[in-house]
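See structure below.
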Amino acid sequence: MQAVHRQPLSLKLLSSGFLFFWCIVAAFPIVWITVMSFKSPVDAFDASALNVIFGPQTLADGKGISLLDILAYLGVAIWMGRSIKRTLPGMVMTFADKSGPVWLGWIIGASITGLVVLVVFFALLPTVLGFLNPLVGPLGRDIWGFTTEHYTTVWIDRAFYRNFQNSMIVTAGVVTVSLTVGTLAGYGLARSGSVLAFGILIIALVFRALPPSVLVAGYLPVFINSAELLRPFLGDAAPTLYGKPYAVIAVLVAMNQPFTIWMLRSFFQNIPAELDEAARVDGCNHFQAFRRVIMPVMWPGVITTGLFSFLLAYNDFLVTSLLLDAQNQTMVPAIAGMFNRETTTTDQVVAVAAAVSITAPLIILVMVFQRQIVSGLTAGAVKG
Amino acid sequence: MKFKTFAVFVGPSVLMMLLFIAFPLVSVFLQSFQVTQPVYETVEVETCTPGFLEQTCVTEMSSVPKLDEHGEIITTTTFVGLQSYRNVLEPDRAWAAIKAFDWRGLQTIDFWKALRFTLTFTFITLPLVIGTGLAIALAINNAARSVKGPVIFVSLLPFIITPVIGALSINWLFRGDGILTAWLERMLDRDIALFAQAWTIEVLMMIYRVWHVAPFAAIVFYAALQTVNHDSLESALIDGATRWQRLKYIVIPHLMPLIVFVSMIHLMDTYRAFEEIVGFSSQGYVISLQWLTYDFLVPDQAGNRSVSRASASAMLTMIGIAIILVPLLKRTWRDHRRSH
């Protein structure tokens, strides 16, 4: 469209101006809370934007970084980013060739990388720079207010790592179970043209529209009293489901099923049915055909659907806040508690730091999986 | 595919949906007609305080919950008919307010307040989301190839961010003398307190919602813009159609099914609005239907959850869902008929 028809300059300017404006609007709140989280409370909630950015009060409190610090951190970050991009895929592939499946290689690779990044940025660089700064004169003087103390407060003093752990347990559980169950169902639904299959899809659509609070109103009394209700079947081993991560995993998987099966069904419909028919002519039954022919080609769809399951479980507030007790609390409800305390501005900045901590993994997720997320958004819609 | 094979493939998923969606629905329906309460018994309690010569004793009748042999409170469940619905809807007060044209009076009842907000919120954000999404999609489509990737990356951020956190982050920009409030005050040269009255909070919530959902609409529309028929655009150009006419008569009709699709999803999701209330902590001023149910389910100071009232409010919320679903189901049915 754009190549054929020359557009007048005014329209081009309007279009790119609007796009620029949108990008600022889209990113501003996230960038801004990130900036706030590194400042002392007085600066973070200052009315002047410049004070928030440069943090004079933070600097006056003796928490700042020097030009040398900035250069060193930026340089190391860029260098590490490049070398990770260059060497990590190769190393994973070598690992996959020798000793295990590819996904395991990626998990191990990602955890090692994460660990190295943590050690370099939070242990190695501060020590080295603390030694260097006094030696280089004006370059080593603090010029920019910057502090990571709120992150320390959140993660160590407020034990946010425990909420992080719980979030990871719930999210990993939801993604695994929901993909396993959903893939089978999606395949079955895509390959069966029966009225029953269509009925299931329609009912799933109705279920997709239900507000989670409606369902939670149904679970709560049952979950709280489950030990009594299940005693006749399970004896004294009957568990109280309220507060248990696995119960929440089951609930979130079920709530996510309607969306998952619709999405996976549309992916499986794009895999030509001739493929598994050929396998069945060669003597496979449906399960063998699924295992040997479909599974190797279904990963793009599964990864995309998995991303959306991840987002649902990771972002959930309502279900986790009502069905988990304080001990098993995940990150999002925990931060809402932190924010509602609303006592001092310090508490507020701590909450801001927690919010940024929750958002950071999501941003990395988009960086890595942008293409899959876009294809997932459009997959349901374009045919829909 | 034989039924047995089909059942094995689909079984686990259907079982989960039955167990965790269909069954709770039925139980919510039943709960909404019942009330579960502890059994109380009246006991004579003698309280004595030390006094001079002899202690002063007072005997009082007080009601305490009955305990069973394990020391747990015994509860009974009684059928109360529509009582819970009456507690939520407060029909007498509502009717009196309607008869007196007392809008404020009606808005003091939580359910009607929540319904009013949910509906205005849904219908005001709908055109804004579609419009903004379309504008972003057209602008991305118009942009140079090299900036498209980064722009889509930035656009996705508001969409994938945790809703509560997204609402919070906008909240922090405006709360107190937040940076944007300060900016507004300087522009308008007057004092502004955005969190002191309901309507400003509602406007902020709508801004948040459009910010959060417009990227989804934009990506969907952008993908569809790639499939616009070039031949019809060419011929329209030859016939002397202006840019605006081409947009109106070719591009928009091409996008129409997707505009309908995005609207449906948006209606469904906005009707369930909830995270905004938490993120803006606006429960003192503005509440939504789903928040009402949530609030009934959260234990009060005495540790009781009003499950029956929550169930009643949940069932009332479902009426709206049913109305939204009818056109969607019709559409799916039509597509299904067409494809077979």
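From first to last, the protein sequence lines are chains A and B. In terms of the UniProt record's numbering, the first sequence is residues 1 to 384. In terms of the UniProt record's numbering, the second sequence is residues 1 to 340. For glycine and all other residues, C-beta sits at the position ideal for the given N, C-alpha and C.
* **When B:223, B:32, B:254, B:222 are compared against residue 232 of chain B, the one with the closest alpha-carbon** => B:254
* Asked: Given 8 Å as the limit, is there contact between the segment 19-36 of chain B and the segment 208-222 of chain A, that is, 3 or more CB pairs closer than that?
  -> The segment 19-36 of chain B, when compared against the segment 208-222 of chain A, does touch it at the 8 Å Cβ threshold.
* Are there 16 or more other CB atoms within 10 angstroms of the CB of residue 314 of chain A, so buried, or fewer, so exposed? -> Residue environment analysis places residue 314 of chain A among the buried positions, since at least 16 neighbouring C-beta atoms fall within 10 angstroms of its C-beta.
* **Residue-chain proximity (residue 284 of chain A, chain B), Cβ-Cβ < 7 Å** => Interface with chain B (7 Å Cβ-Cβ cutoff): residue 284 of chain A is excluded.
* Can you list the alpha helix (DSSP H) stretches of 4 or more residues lying completely in the segment 268-312 of chain B, in chain order? -> 275-279, 289-297
* Asked: Would a check of beta-carbon distances place residue 165 of chain A closer than 7 Å to chain B?
  -> no
* CA nearest to the CA of residue 214 of chain A, picked from A:293, A:322, A:356, A:226 -> A:322
* With a threshold of 16 other CB atoms inside 10 Å of the CB of residue 132 of chain B, please say whether the residue is buried or exposed. => buried
* Pull up the distance between the alpha-carbon of residue 211 of chain B and that of residue 148 of chain B, whole angstroms please. => So the alpha carbons of these two residues sit roughly 19 Å apart.
* Relative to the alpha-carbon of residue 77 of chain B, which residue among B:308, B:336, B:220, B:312 has its alpha-carbon at the smallest distance? -> B:308
* Asked: Listing by chain order, which chain B residues have their CB less than 8 Å from the CB of residue 463 of chain A?
  -> This structure gives no information on residue 463 of chain A, because the portion of chain A shown stretches from 1 to 384.
* Starting from residue 69 of chain A, trace the alpha helix (DSSP H) both ways and give me its first and last residue. => 67-98
* To do: Would you be able to state if there are at least three C-beta pairs under 8 Å between the segment 88-98 of chain B and the segment 109-119 of chain B?
  => yes
* Asked: Considering only residues of the same chain and omitting the five flanking positions on each side of residue 270 of chain A, which have a CB-CB separation below 6 Å?
  -> none
* For residue 63 of chain B, three-class secondary structure by DSSP -> strand
* Asked: Are the C-beta of residue 177 of chain B and some C-beta of chain A separated by less than 7 Å?
  -> yes
* **Contacts of residue 91 of chain B in chain A (Cβ-Cβ under 9 Å)** => Those within 9 Å of residue 91 of chain B in chain A number zero; the least Cβ separation is about 21 Å.
* Asked: At which residues does the alpha helix (DSSP H) containing residue 244 of chain B begin and terminate?
  -> It spans 243-246 - the alpha helix (DSSP H) in which residue 244 of chain B sits, taken as one unbroken run.
* Asked: Of the choices B:205, B:17, B:128, whose alpha-carbon is the least far from that of residue 286 of chain B?
  -> B:205
* For the segment 309-367 of chain A, which segments carrying the alpha helix (DSSP H) assignment without a break, of at least 4 residues, lie completely within its bounds, in sequence order? -> 318-323, 331-341
* To do: Output the distance between the C-alpha atoms of residue 57 of chain B and residue 44 of chain B, rounded to the nearest integer angstrom.
  => The straight-line gap from Cα to Cα measures roughly 12 Å.
* Asked: Is residue 142 of chain A near residue 40 of chain A, with beta carbons less than 7 Å apart?
  -> no
* On the three-state DSSP scale, how would you describe residue 26 of chain B? -> helix
* **Cβ-based neighbour list, residue 80 of chain B, same chain, cut-off 7 Å, excluding 5 preceding and 5 following** => 33, 34, 35
* **Near-chain A residues of the segment 124-152 of chain B - C-beta to any C-beta below 9 Å** => 132, 135, 136, 138, 139, 140, 141, 142, 143, 144, 147, 149, 150, 151, 152
* Hey, is the segment 249-261 of chain A in contact with the segment 164-184 of chain A, meaning 3+ C-beta pairs nearer than 8 Å? -> Enough Cβ pairs lie closer than 8 Å, so yes.
* To do: Would you mind reading off the limits of the beta strand (DSSP E) that contains residue 49 of chain B?
  => 40-49
* Asked: Where are the alpha helix (DSSP H) runs, 4 residues long or more, that stay fully inside the segment 151-195 of chain B, in chain order?
  -> 163-174, 179-188
* So, residue 96 of chain B versus residue 288 of chain B, is the Cβ gap smaller than 7 Å? -> no
* Asked: residue 24 of chain B CB to nearest chain A CB: under 7 Å?
  -> yes
* Please report the residue range of the alpha helix (DSSP H) in which residue 143 of chain A lies. => Residue 143 of chain A -> not in any alpha helix (DSSP H); beta strand (DSSP E) instead, spanning 142-145.
* With DSSP as the reference, label residue 11 of chain B as helix, strand or coil. => Helix.
* To do: State the DSSP-derived secondary structure class of residue 181 of chain A, mapped to helix, strand or coil.
  => helix
* Give the interface partners of residue 286 of chain B over in chain A, defined as CB-CB distance under 7 Å, in chain order. => Neighbours of residue 286 of chain B on chain A: none; closest Cβ ~16 Å, over 7 Å.
* **N-terminal and C-terminal residue of the alpha helix (DSSP H) that residue 118 of chain B is part of** => 110-142
* Asked: Could you give the uninterrupted runs of the alpha helix (DSSP H) lying entirely in the segment 234-275 of chain A, keeping only those of 4 residues or more?
  -> 245-270
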